[in-house]
Amino acid sequence: MSSDSSKLLKDQPSCYGTVQHSGASISMEVTGYQRVRWRVILCYVLTVLTVGLLWLIFHWKPILEVLAKCQPCHLSQSDWVVIKDSLNQRFVARVWTEEIEDDCFPHLVESSEDDNRITLAIGVLEDCWKDTIQLQKQEEKNVIRYYTFEGLRYIWIEKRRSFCKLSVLEEALTCGDIHRQQRGLSRHNQNTKRRVYGPNVIDVPVKSYFRLLIEEVLNPFYIFQIFSIILWITEEYYYYAGCILFISVISIGISLYQTHKQSVTLRNMVKLTFSVQVRRDTGEEEMINSQDLVPGDCIVIPEDGIQVPCDAALLTGECMVNESMLTGESVPVMKTSLPDQDANYSLEEHKRHTLFCGTQVMQSKKYSMDQQVVAVVVRTGFCTAKGELISSILYPKPLGFKFYKDAIKFIIFLAILAMIGDIYSIVILEKQKVSVGRLLTRILDLITIVIPPALPAAMTVGTIYAQNRLKKYGIFCISPPRINICGKLKLICFDKTGTLTEEGLDIWGVVLVVGKTFEPTVHDTVHLVSSPILHALATCHSVTLLNDQLIGDPLDLKMIESTGWILDDEITESDIVSRFGMKVLAVMKPPLLEEQPHGSIQEMSLGILRRFPFASSLQRMSVITKKPADLPVEAYMKGAPEMVASLCIKETVPADFSEMLRYYARDGFRVLGLAYKALSKDITFDEVHKLERNYVESEMTFLGFLIMRNILKPETRPVIDSLNRAKFRTVMVTGDNMLTALNVARNCGMVGLQDRVIFANASPPSRDIPACVKFLPSDPAPGQQNGMEQQPGIHSLEQTDYHFALNGKSFAVVHDYFPDLLQKILLRGTVYARMTPNQKTQLVESLQKLEYSVGMCGDGANDCGALKAADAGISLSEAEASVASPFTSKIDNIECVPMVIREGRASLITSFGVFKYMAMYSMIQFVSVLIMYTINSNLGDWQYLYFDLVITTTVAVLMGRTGPAKELVPQRPAGSLINVSILGSLLLQTLLVILIQVLTYTVTTAQSWFVPANDSFSNKLPNYENTALFCVSGFQYLILATVLSKGQPFRKPLYSNVLFLVALILLYAVMIFLTLYPLQFIRQFMQLMLISDVKFKLLLLGFAALHFFTSLLFETAIDSGSLNMCKWPLCRKKQSKKLYKRLENELCYNSAWPPLNEIMYAESGRVINFE
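To get the working numbering, take the position in the sequence shown, counting from 1, and add 7.
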C-alpha cells in the first residue's frame, strides 16, 4: 500500500490490499484514485500555457497524470488504479463500469455463505460522491466494475473487497461441477457471462499507421532529433539538417512498417476466430463464433479435429493433440476424459484431461456411436495458458541487465559533460563579444554533439546480426535482448531424455518376476509367451492411428514395435461388441501367425477400455483392458520402478528389487516397472469409466522390469567437454531414475570418472520427527574398503572433486525446510533426478537467487516452466513459432547451446565496442568544436555530414558484422559499463584525443605561413585551424573504429569482417587523399584551406600514426589487465558481489563440509550421528 493511500482510510485498509495472481507468486499492489474536477481543469490550463509540454510529460509518464488529476480513494470508488508489481514497476489502468440487467445478474454467480464461493459486487453507479467513503445515492443500478491490465480483466468482488482476476470465479469448481455443465448454457446465461468475461480473444493490439506515427514522433529520441534539426537550420546547416531529416523520415517509416508488420503477424498467429458447435440447456446444438465462448459453454469436438479456441476440460472420449505451439513438444499428446469426482479442478493437475487454447486436436475418438466428444470451457482469452504466454511476450519483464542500466547512467554523464562544455563556451565566446542569440545556439549545439541521438539504435546492431546468424542455423529468438544476456551465462541446466540422450530408446530386454524371483533377461520380447507382462507391453501405451500411421510417444512406439503386436483400427463397433462383449477404445492384435516365432502361438486380441495417461507428478500411466468373451477385465501399469513397486502388493515384489534396479540403472539403462491387476469380469464399459484412478492403480501384482538402452546423442559429449573447458557449470535435471541419470552424467562428462558423488537424502517431517537431511557417499569410502567403518563426521573429500545428487522428493524437503543448506547444495549440485516440472522451475529460480546467470535446454512440455524462468531458455523443437521459450532450435541436439552462448558473447562485445565508439565519436567532435569555439569558428556543414554519415554511420553499421569466435573460453565478457577496463579505456582514449588535437592546433598556429581566421566568412570558414583539425580528427574516427573492433577471445579477428575491412581501407584512403592532395572542387565543397607545405601534411599523418599506435598500446595494456594491476596497490581486494562466489569462498575454507553420514534436523539445526 502506498503511503499516501494508507493515510486516507485508516479504518478500512481492506480495500487497499494486494491483488494476488491466481496460482502465481507474483503480487500486485493496487491503489485507487478518483478524478478531481478542479485538478483536471488546472492540468488543461497548464498544458496550454506550456505549449503542450505538460501533455508530453503525461504521455511519457502516465502515472504523473493520474497523480496530478486524481486523489487517492477507496478502491470501490476509484476511477483509476495505480498498480505496483513485484519488481516495483508502476502502471495505471482505467476502471470501467458496465451495467447489467436487473433480471440477469443473479444468474451469474449465486450468493453463498461458503468462503470458497465468490459473490460479485452489485456496484452503485453514481454521478458524484459526497466524499471518498460516504456515498450520495441518487440512482442504483446493477453494474460490474473492472480494469484491464496486461490483457487480463480484473473484476471488483465485493466479498473480497478487492479487484480479482476473472479466473477466481471458477477456481472453486470441482471435476463433478464441470461434468454437470455438459448440458450447456442457455443463450441468456451465455450473453450475461459474456458481459462479465468479455470476448474470447487474445487480442494483440494493432495500431494504425497514424497512431504509430504520432507515438514514434513523440518518443524522446525523436523529440531530441526535431530539436536538433531546428537548431541546425538556425545555424544555416541546411544540407546537414536536410540529410538528418531525410534519414529520420526513412527510419520512422521503416520502424512503423516493421512494428505494424510484427503486430499483424503476431495477431494472425494468435487470434482464432471460427465457428464452433455448442450445446444448449434445451438439448439443442448451434454454431456460434468462437469469440462468443464463455466458461461453462459445452463445445463439440469434431472427429477430424479442431484448433482449440479456449482452455476446455474434456468430458467424453479421447483426443490426440499437437501442443507444439505452446510447449515446443513435437510428439502428439493423448488427452482423456476428466474423471467425475469431487476433487477441485486444476489446470496443472488435470492437464492430461484439458485441451489448451491454440493447440491442434488432430483427431477425436468417441466411446460409442451415440455419444459425442465434448469439452466444457474453463478459461477464455488472456486467462488461458496460451493467453498467459502471449501476455509474457507482449508485456515482458524487465531484463535487469546491468549493461542497459549503465548505458543510461553514461548518457547522463555525457549530459553533465555537455554542461561543463557549455560553461567553457560561455566564458570563451563572451570574451569574443558574441551575440546572445549566437551564444545560445552554440551552447545548444554542444548538447547535440555530446549526446549522440543514434546511440540507442547503434547499440542494437550487434544483436540484429547475431539474431540473423542464429536464424541461419535454425535457432529462432522471440526476445532479441536476451541474446546479450546469453553472453553472461555461467550455468547451464539440461534435460536428459531427448536432450542429452536419444529420444527413441532401444528396447534392451525384459526382466520377468516369477515366484518373487527375477528371471534372466529376455532380450527378444517377440519370443515372450502369452502372459500378463506381454499384454502389458502390448497395451499400456497412448498410441493411436492417424491416417494409418501410429502416432504417440517414441517410447511407446518402440515398446509396441518390440512385441510385434498391431493396433487395429478397421474393426467395426458391432464386431467389437460381439468379440469383447462391450465397447472398447482400441484393439491390439498379436502378430500374424507366419510372423510369430516357432513355439509361441498367440491368437487372442486385447481391447483397451480406458487409459489413465502418463503424468509427471504421478510418474506412471495405466490402462484397463478386456480379453475376448467372458474373460476378466485387467489393468496394466508402467512407470518409475519405485513408484510402481509402492503400488503393488508387497508379497509380489522380489526382496532384491532395489539391488536389481541399481544394477541396471548404474549401467545407464532406463528402467520401467510393470504391474497388473485383475478386475471384475462382470464390470460394464460405463462402470469402467467411473472407476477412480487411485483404486485401479493399487494392490497390483509386480510383473518385472522393461529395460531400455539410454544412448547418448553423439554431439552431447563434445559439447559438454567444450563447456567444461570454458568453466561453465553443467547441471542435469531429469524425471528419470537417479542412478540412470548419474550414469549418463558420467558418460557425458558432467561428472568426472574420478569425481566423488554425494547423495543428499532428505525426509519430510513426520508425526514426531522434524524434516531431516543426510549426506551419503555414492560408493564406499577408502576406510570402508579396507574393512574399517568410517566414523561419522570424518570428511575425506577434496573440495573440488565432489558433486551432489538428489531426487525430487529430497529437493522439495531441502527447498522448504533447509533454505541455508539449499544454497550450499546448489553450489555443487550436478544431478537432479525424479524432478517434476514445477521442481525444475523452482531449481532454476533458486540458482538465480544465488546470482547465477542460468541457461536451460530442454525438449518437451515438462521443461516449459523452467525454460521460461531461465535467463536463456532453449527449446529443442521443430516448431518455429513456439512460445515455449525465448529460443527455439531446430537442431535436435545441444550443439545449439554453445552457438547461442558464442553469439551472445559476440553480440555483447559488439554492443560494448559500438557504445565506446559512439561515446568517443562524440568526444572527438566535442573537443574539435570546443577548440574551434576559441576562435569563434565551427565545423562546416559538409564536414559534419562527412563525419556523421560517411564515417560514423558506416562504422556503426558494419562493426557488428564480425562473427563469434569458434571456441568458448573460460573468460567471460564484462556485463557492466561501469568497470575499470571500460572506463579506463574511455578515459585514456579521450585524453589521447585531446592531446593530439591540441597538439595539432598548437603546431598549426606556429607555422610561418599561418594566417588567422577571417571574420568575413560564415563561421570564419575556411581557415587553417579548421582544416588541420578536420584532417587529424577524421583519422581519429577511423583509428578508434579499428582499435575498438576487438576480435579474440569472443569474436573473430577484424579481417574476417570483409565489408568492414574494405570500408575502413577506403575511408583511410579518402582521408589520406583529403590531407595530401585534395582537388580544388573538393576543397571548396568541404570548406578546406589549401596547404602547400608538404612537410606539414606529412606531420599531420605522423600525428595520426602516433595516435594509432598509442591507442592500440592502450587497448592492449587494458586487455592484459594492466589497469587492474595498477589499482591493486591503491585499494583492498573487494569481496565478490555475486552470492555464489562468496559462498564458494566460504566452503573452500570449510574442511568439514559436507558432513557425511550424519543426520541434520530442520528443527534446531542440531546434528545427530547416524546409527
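We put the beta carbon where it would ideally sit given N, CA and C, even for glycine.
Item                                                                                                                                                                                            : Value
Would you mind sorting F217 into buried or exposed? The rule is 16 or more other CB atoms within 10 Å of its CB.                                                                                : exposed
To the nearest angstrom, how far is it from the Cα of E437 to the Cα of L1106?                                                                                                                  : 34 Å
Rank K214, S193, V213, G183 by C-alpha distance to the C-alpha of Q348 and give the top, closest one.                                                                                           : G183
Look at L279 and S297 and say whether their C-beta atoms are less than 7 Å apart.                                                                                                               : yes
If we count the other Cβ atoms within 10 Å of its Cβ and call it buried at 16 or more, is P1085 buried or exposed?                                                                              : buried
Could you give the C-beta distance for W949 and Y246, rounded to a whole number, given that I count them as a contact under 8 Å?                                                                : 6 Å
Where do the ends of the alpha helix (DSSP H) carrying M930 lie?                                                                                                                                : 903 to 940
Counting only runs of 4+ residues fully inside the segment 553 to 616, write out the alpha helix (DSSP H) ranges in chain order.                                                                : 561 to 570, 580 to 587
For T77, which three-state DSSP category applies?                                                                                                                                               : Per the sequence shown, residue 77 should be read as Cys rather than Thr. Looking at C77 - three-state DSSP - the assignment turns out to be strand.
Keeping to the same chain, check which residues put their C-beta closer than 6 Å to that of C5; ignore five residues upstream and five downstream.                                              : A question about residue 5 goes unanswered here, because the residues of the chain that appear run from 8 up to 1178.
Determine contact between the segment 676 to 692 and the segment 853 to 873, defined as no fewer than three beta-carbon pairs at a distance below 8 Å.                                          : no
When DSSP builds the beta bridges, which residues end up paired with T470?                                                                                                                      : T470 is not bridged to any residue.
With distances taken between CB atoms, is the gap from A320 to V277 smaller than 7 Å?                                                                                                           : no
For I70, collect the residues of the same chain with a Cβ closer than 8 Å to its Cβ; drop the 5 residues on either side in sequence, then sort them by chain order.                             : V89, R97, F98, V99
With C-beta atoms as the reference, is Y51 less than 7 Å away from V102?                                                                                                                        : no
Over what stretch of residues does the beta strand (DSSP E) that includes L49 continue unbroken?                                                                                                : Run containing L49: none in the beta strand (DSSP E); it sits in the alpha helix (DSSP H), 44 to 56.
Under the rule that 16 or more other beta-carbon atoms within 10 Å means buried, what is W1016, buried or exposed?                                                                              : exposed
Could you check whether the segment 765 to 778 touches the segment 530 to 538, counting it as contact only if at least three pairs of C-beta atoms, one from each stretch, sit closer than 8 Å? : no
Once DSSP output is grouped into helix, strand and coil, what is the label at D827?                                                                                                             : helix
Among V256, A179, L1047, which residue has its Cα nearest to the Cα of L1119?                                                                                                                   : L1047
Name the two residues that bound the continuous beta strand (DSSP E) containing I295.                                                                                                           : 292 to 296
Where does I129 sit, in a helix, a strand or coil, going by DSSP?                                                                                                                               : Interpretation of I129 is limited by its pLDDT of 35, a score under 50 that renders its predicted location unreliable; no figure is taken from the coordinates.
Using the Cβ count rule (16 or more neighbours within 10 Å means buried), how would you classify M842?                                                                                          : buried
Identify which residue in I908, L760, P661, Q830 has its Cα closest to the Cα of A733.                                                                                                          : I908
If you draw a straight line from the alpha carbon of M426 to that of I454, how long is it in whole angstroms?                                                                                   : 8 Å
Whose C-alpha, out of Y264, V256, P309, T272, is nearest the C-alpha of S282?                                                                                                                   : P309
Classify A1159 as buried or exposed, calling it buried when 16 or more other Cβ atoms lie within 10 Å of its own Cβ.                                                                            : exposed
So what's Q370 in DSSP terms, helix, strand or just coil?                                                                                                                                       : strand
Kindly indicate which three-state DSSP category F1017 falls into: helix, strand or coil?                                                                                                        : coil
Taking only three categories from DSSP, how would you classify I540?                                                                                                                            : helix
Per DSSP, N329 forms a beta bridge with which residues?                                                                                                                                         : Q367
Taking the straight line between their C-alpha atoms, what separation do you get for W45 and D299?                                                                                              : 42 Å
Which of the three DSSP states is assigned to N768 in this structure?                                                                                                                           : strand
With 16 as the cutoff for other CB atoms within 10 Å, does M611 come out buried or exposed?                                                                                                     : exposed
Under DSSP, the alpha helix (DSSP H) around D1126 begins and ends at which residues?                                                                                                            : 1101 to 1126
My assumption, with CB atoms under 8 Å, is that L749 sits in contact with V726. Please give the rounded CB distance.                                                                            : Actually they are not in contact, since the Cβ atoms of L749 and V726 sit about 19 Å apart, beyond 8 Å.
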